[in-house]
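S.K.:
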Ligand SMILES: Cc1ncc(COP(=O)(O)O)c(C=O)c1O
Ligand SMILES: Cc1ncc(COP(=O)(O)O)c(C=O)c1O
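Protein chains in written order, with the working numbering: chain A, 1 to 412; chain B, 413 to 824; chain C, 825 to 970; chain D, 971 to 1116.
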């Protein structure tokens, strides 16, 4: 592995932490990524030297803060190859972004009898907003199902994508199955049917190069906290002509053009969607996170994570009674592996692993309809990042064996 | 002045900064407060040692993060004397909080023909959401006007508050006039008419002790970034029985109880309002900010700011052609003084002051209807915090004189 | 690397209750029943309470979950049966105290029976929700659930 | 403490234009006019353009604002009158470049006239919006505003 990935615990001090007297093996990167010092320092610097509210003052500090805030918009646009910084709306999170789209754009374009097409592998954040929209508008929510190998059934998608479909909302990478869906192809199909496509890139944007123009996504959403930035900052990319049509959903300072007692008019996008004081520090951190990722390079990060997955996958499949969900191919897992261990409940497994310093998630991963389809209540999920090491993975596999043995002993 | 207020630039390093080669005199505290190292360090520690997503994992790190996140809810409740931590909803900002109330609660209780009563001194964030609600519901938005001395006209309020009034939304302290309104009395009047009261405490909560039970506020909102915490975190307090009735406005992870293909049920308040990954770092910082404020004590902070205001006020009134908006009494200004200098445009004044290191705001302060009532397009506004010094105020007054002379010379 | 500490949590009696839970069935003639979800894993427990006069005559549960939640539900059905309504509500309260590592009275210990052993959950704070799910459901049912 | 640097911004010619702005009036027979707001201070400027064939025959403005926005609007009305539509649009563009501290061509300088002096705004980045408001309005009007 290239040197770039050595000694990353200098940048990520949490990786040196002990958990229950064992070295931390952090394998819940799909829930949230760790935050490098470079990001924290950039934010700290901002508050210690240039903190002021944005878009408000004509004084030097305010101008510096505003320039920094808007400069990151250019960075984000470049990071996902958006046509213009004006197509980048800052939000709180992927969830906030998806709700913005479902409320503002959804209310605008979806009417009674229309269909909204999502997939059965969606995170609740890319599911309930559409379920609610369908209820509000008396539209129909349809689900694309899985193939036998638990990847997306493209035949089913083609079958369900019709001229009744107003909108397709789909995750680029599943947070449970780890599979990456062929967004570009799906966007093309959607557009052939005059449907719009909303892409949930929460699990992809930190792990592969995402190019909104190449994908031809109408909207694309992600969260800073899953890409090395802090919590509380997210992005909603929208095609400029769509953002232009959309009404704001929150009202207040910053987003207005002019206000009278009886009426108000809005600024242009993206500002009309950013009511009130935004998460300025979060934006500054997002810029630093993009710098960090870009310095390594998204292609190298992707290759590194593929390598780690390829290393781990056969070790897991070799564990007796361990069931992996999703594809049988390591290369289809983008660093995310959900599994169960015999009849053991995922909570019990996760507690055992936690005793050994290994932090994985156990639960429904905010994907209950998918759990029902997989025929389980919950799973254990390990998810990697480029800063994980081979030793992490070895400890993880060893810990699984120990947990298995522990419960085999106990249940005798 | 007590020693507590000496050497605060240790805690607030930005105060040592130079602006245009002059020492920074930061007098835009009403727009955003500066952030002490104690807050930044607490946030940094969190990311360096305990970062994980909340309410998701059963492992040690996740549990630590969740406990820290929920512990701050108790702190916030204690800070405003809320009856229970469950009455504290985390939001992005005051603006986000007010929009939540207007959308969720407003849609629930306001119907055609009802009246919503606000005041002419409201910030756009406590104005446009109600203007929009009134439009949606065919309700009437009414404004309480000002007395001759530009304080709230309580007679007008009593006149306009009738049994038709469903909801009163009012700021505790005006961000332009600096006046603090008699919320407790207004809440009592509102409740006598079976109206609800929403209090915008953005400008009060960092400057005086706020007690939601004593005020008998139905809702009370504020922003972390105006009380030493970072941007991107806000609070919406609501009486538990009201929050219980209110539907969520955003949907996704974390806020659900259970999700099927066709339906979803929600958690109880406050969690049903916190969809998706929240601003965990922001919450941690909010806890540190409350600790910082509490350590000094809200009564002492208030006294200090009153002293500073009392020192500054007569020096400003003594400047020829300087018009102060709002009360003629320093004690009615809570550290906020808006003014104009003869016919000079506020932007020109602010640029002049900025050249001398003095950072004040010039503009409409997100209160255009108030500006219209005051008969101006914009004002200059200086706003203090306890960490400002007497020297800051002296420099400010001297700078005003210099700016005045400069433009007097130029316009000859 | 060792899992010794886990023995505190997964003691024989806990594993026993989990693999052979007591009163795991629906009570069709229950006075009240309440279903609660563990929102992070999707586990659900429904507690059924059959009251006679002021006495808890029968308690049962249905639903799936981890070892801790199943064992705890099983112990709960043993513990609450036979108590008065007031005692049973107080018993639930005592259980919440116990798993948060607080001291509880001798009387409460008597009510809890086997369940006292779950005091060890206090060392595993992330699992408190698993342990208390059934008891919260029971308490709500006692207080007049649907 | 000194305000020397301010002289760069508030030069005599700027103060002159601000206190006696040229063409500050509505053109009732304007081909197009566009109003824009400076959202931070509430200032507004409406630019009126009267085209004849492909020539900008008359330019004017209304609205209130600070010294910089008034002076800049006044200079704008002088600068754009007489240019072709393409030249006028390019003139606005050149002005935006100028106030951001970029070099502009000699031809563009000729178009801008007095307005060239506002290049000094580049030193006061917070005031760029004030300086460009009228020119943005004019550009939108030239491009077919309402
Ligand atoms: C695929 C997917 N979509 C959406 C989300 C929601 O992201 P957030 O919680 O940051 O809003 C997540 C993260 O949990 C996710 O994995
Ligand atoms: C009185 C008042 N209300 C509301 C707000 C809006 O606060 P925020 O921008 O943090 O949402 C402000 C701050 O600008 C304010 O001064």
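Just so you know, even glycine gets a beta-carbon here, dropped at the ideal spot from N, CA and C. On a predicted model such as this, the values are computed, not experimentally measured, just so you know.
1) Check for me: the alpha helix (DSSP H) holding residue 456(B) runs from which residue to which?
2) Are the C-beta atoms of residue 124(A) and some chain C residue less than 8 Å apart?
3) Who pairs with residue 882(C) in a beta bridge, going by DSSP?
4) Just checking: is the beta-carbon of residue 692(B) within a distance shorter than 8 Å of some beta-carbon in chain C?
5) If you measure beta-carbon to beta-carbon, which residues of the region 862 to 881 of chain C are closer than 9 Å to chain B?
6) Does the beta-carbon of residue 587(B), which I'm using as the reference point, lie nearer than 7 Å to any heavy atom of ligand 2?
7) Can residue 366(A) be considered in contact with ligand 1, in the sense that its beta carbon sits closer than 7 Å to one or more heavy atoms?
8) Which same chain residues end up closer than 6 Å to residue 149(A) when comparing Cβ atoms and leaving out the 5 residues on each side of it in sequence?
9) Do three or more CB pairs link the region 162 to 169 of chain A to the region 190 to 198 of chain A at distances below 8 Å?
10) May I ask whether a heavy atom of ligand 1 can be found less than 7 Å away from the beta carbon of residue 226(A)?
11) First and last residue of the alpha helix (DSSP H) that includes residue 763(B)?
12) Taking C-beta pairs closer than 8 Å, name the residues in chain C that residue 363(A) reaches, listed in chain order.
13) How many whole angstroms separate the CB atoms of residue 384(A) and residue 292(A), which I take to be in contact at a CB cut-off of 8 Å?
14) Taking the alpha-carbon of residue 1057(D) as reference, which of 1010(D), 972(D), 998(D), 1081(D) has the nearest alpha-carbon?
15) 8 Å is my cut-off, CB to CB: does residue 801(B) come that close to chain A?
16) Counting only beta-carbon atoms, is residue 392(A) nearer than 8 Å to chain B?
17) Just to confirm the assignment, what range does the alpha helix (DSSP H) spanning residue 974(C) have?
18) Check the DSSP bridge columns for residue 382(A) and list the partner residues they point to.
19) Can you check whether the C-beta of residue 413(B) is within less than 8 Å of a C-beta belonging to chain A?
20) Check for me: the beta strand (DSSP E) holding residue 168(A) runs from which residue to which?
21) Which partner residues of residue 144(A) appear in the DSSP bridge assignment?
22) Is residue 123(A) close to ligand 1? I mean its beta-carbon at under 7 Å from any heavy atom of the ligand.
23) Do residue 269(A) and residue 243(A) have their CB atoms nearer than 8 Å?
24) How far does the beta strand (DSSP E) with residue 200(A) in it extend, from its first residue to its last?
25) Throw me the rounded Cβ distance for the residue 992(D) and residue 1044(D) pair, which I believe falls under 8 Å.
26) With 16 other CB atoms within 10 Å as the buried threshold, where does residue 741(B) fall?
27) Might you give, ordered along the chain, the residues of its own chain that have their beta carbon closer than 7 Å to the beta carbon of residue 414(A), omitting 5 neighbours on each side?
28) Would you list, in chain order, the members of the region 944 to 955 of chain C that have their beta-carbon closer than 7 Å to a beta-carbon of chain B?
29) Say the cut is 7 Å; is the CB of residue 413(A) nearer than that to a heavy atom of ligand 1?
30) Which residue spans inside the region 172 to 253 of chain A form an unbroken alpha helix (DSSP H) run of at least 4?
31) Where residue 522(B) and residue 658(B) are concerned, what is the direct C-alpha to C-alpha distance, given to the nearest angstrom?
32) Just to confirm the assignment, what range does the alpha helix (DSSP H) spanning residue 426(B) have?
33) DSSP puts residue 1004(D) in a beta bridge; with which residues?
34) Since residue 898(C) is in the beta strand (DSSP E), which residue starts that stretch and which ends it?
35) By the DSSP assignment, the beta strand (DSSP E) with residue 256(A) in it spans what residues?
36) Starting from residue 500(B), trace the beta strand (DSSP E) in both directions and tell me its first and last residue.
M.R.: Put simply:
1) Taking the first residue of the second chain as 1, we reach residue 456(B) at position 44. Element bounds for residue 456(B): 449 to 457.
2) Locating residue 124(A) in the first chain gives position 124, counting from the first residue. So, not an interface residue.
3) Here residue 882(C) is taken as the residue at index 58 of the third chain, counted from 1. For residue 882(C), which the question treats as bridged, DSSP gives the partners 874(C).
4) Within the second chain, the letter at position 280 stands for residue 692(B). Not one chain C Cβ lies under 8 Å of residue 692(B).
5) 863, 864, 865, 866, 868
6) Within the second chain, residue 587(B) is the residue found at index 175, counting from 1. Correct: residue 587(B) has its Cβ closer than 7 Å to ligand 2.
7) Within the first chain, the letter at position 366 stands for residue 366(A). Result yes, Cβ under 7 Å from ligand 1.
8) On the first chain, position 149 is the one that residue 149(A) refers to. These residues qualify, in order along the chain: 327.
9) yes
10) Along the first chain, one-based indexing puts residue 226(A) at 226. Yes, since a heavy atom of ligand 1 falls inside the 7 Å radius drawn around the Cβ of residue 226(A).
11) Translated into positions along the second chain, residue 763(B) becomes position 351. Counting along the chain, the alpha helix (DSSP H) containing residue 763(B) begins and ends at 758 to 767.
12) Along the first chain, one-based indexing puts residue 363(A) at 363. By Cβ distance, chain C contributes 864, 865, 866.
13) For this step, residue 384(A) is matched to residue 384 along the first chain. For this step, residue 292(A) is matched to residue 292 along the first chain. Rounded, the Cβ-Cβ distance is 17 Å, inconsistent with contact.
14) In the fourth chain, residue 1057(D) corresponds to position 87, counting from 1. Checked all of 1010(D), 972(D), 998(D), 1081(D); the closest Cα to residue 1057(D) is 1081(D).
15) Counting from 1 along the second chain, the entry for residue 801(B) is found at position 389. Closer than 8 Å: no.
16) As a working mapping, residue 392(A) is identified with position 392 in the first chain. No, no contact with chain B.
17) The question about residue 974(C) has no answer, for chain C in this structure spans 825 to 970.
18) Counted from its first residue, the first chain places residue 382(A) at position 382. Partner(s): 337(A).
19) Locating residue 413(B) in the second chain gives position 1, where the first residue counts as 1. The predicted model places residue 413(B) with a pLDDT of 48, which falls under 50 and marks its position as unreliable; any figure quoted below should be read in that light. So, not an interface residue.
20) For the purposes of this step, residue 168(A) is taken as residue 168 along the first chain, with counting starting at 1. Per DSSP, residue 168(A) belongs to the beta strand (DSSP E) from 165 to 171.
21) Position 144 of the first chain, counted from the first residue, corresponds to residue 144(A). Paired residue(s): 119(A).
22) What you label residue 123(A) is simply residue 123 of the first chain in a count that begins at 1. Correct: residue 123(A) has its Cβ closer than 7 Å to ligand 1.
23) Taking the first chain and counting its residues from 1, one reaches residue 269(A) at position 269. Taking the first chain and counting its residues from 1, one reaches residue 243(A) at position 243. Yes, the pair counts as a contact, with Cβ atoms nearer than the cut-off.
24) Mapped onto the first chain, residue 200(A) falls at position 200. Unbroken beta strand (DSSP E) run through residue 200(A): 196 to 200.
25) Within the fourth chain, numbered from 1, the residue matching residue 992(D) stands at position 22. Within the fourth chain, numbered from 1, the residue matching residue 1044(D) stands at position 74. 5 Å between Cβ atoms; contact.
26) Locating residue 741(B) in the second chain gives position 329, counting from the first residue. Exposed, since its Cβ has fewer than 16 Cβ neighbours within 10 Å.
27) Residue 414(A) cannot be examined here, being either before or after the span of chain A that is shown, 1 to 412.
28) 949, 950, 951
29) This structure cannot speak to residue 413(A), because chain A is shown only from 1 to 412.
30) 183 to 192, 212 to 215, 240 to 245
31) What you label residue 522(B) is simply residue 110 of the second chain in a count that begins at 1. What you label residue 658(B) is simply residue 246 of the second chain in a count that begins at 1. Cα-Cα distance, rounded: 13 Å.
32) Counted from its first residue, the second chain places residue 426(B) at position 14. That residue, residue 426(B), is in no alpha helix (DSSP H); it is neither H nor E in DSSP.
33) Translated into positions along the fourth chain, residue 1004(D) becomes position 34. Answer is 1017(D), bridged to residue 1004(D).
34) Counting from one through the third chain, the residue named residue 898(C) turns up at place 74. Counting along the chain, residue 898(C) falls outside any beta strand (DSSP E), though it belongs to the alpha helix (DSSP H) covering 891 to 904.
35) By 1-based counting over the first chain, the position of residue 256(A) is 256. Taken as a continuous stretch (DSSP letters only), the beta strand (DSSP E) holding residue 256(A) covers 256 to 259.
36) As a first step, residue 500(B) is located in the second chain; it is residue number 88 there, counting from the start. It spans 500 to 503 - the beta strand (DSSP E) in which residue 500(B) sits, taken as one unbroken run.
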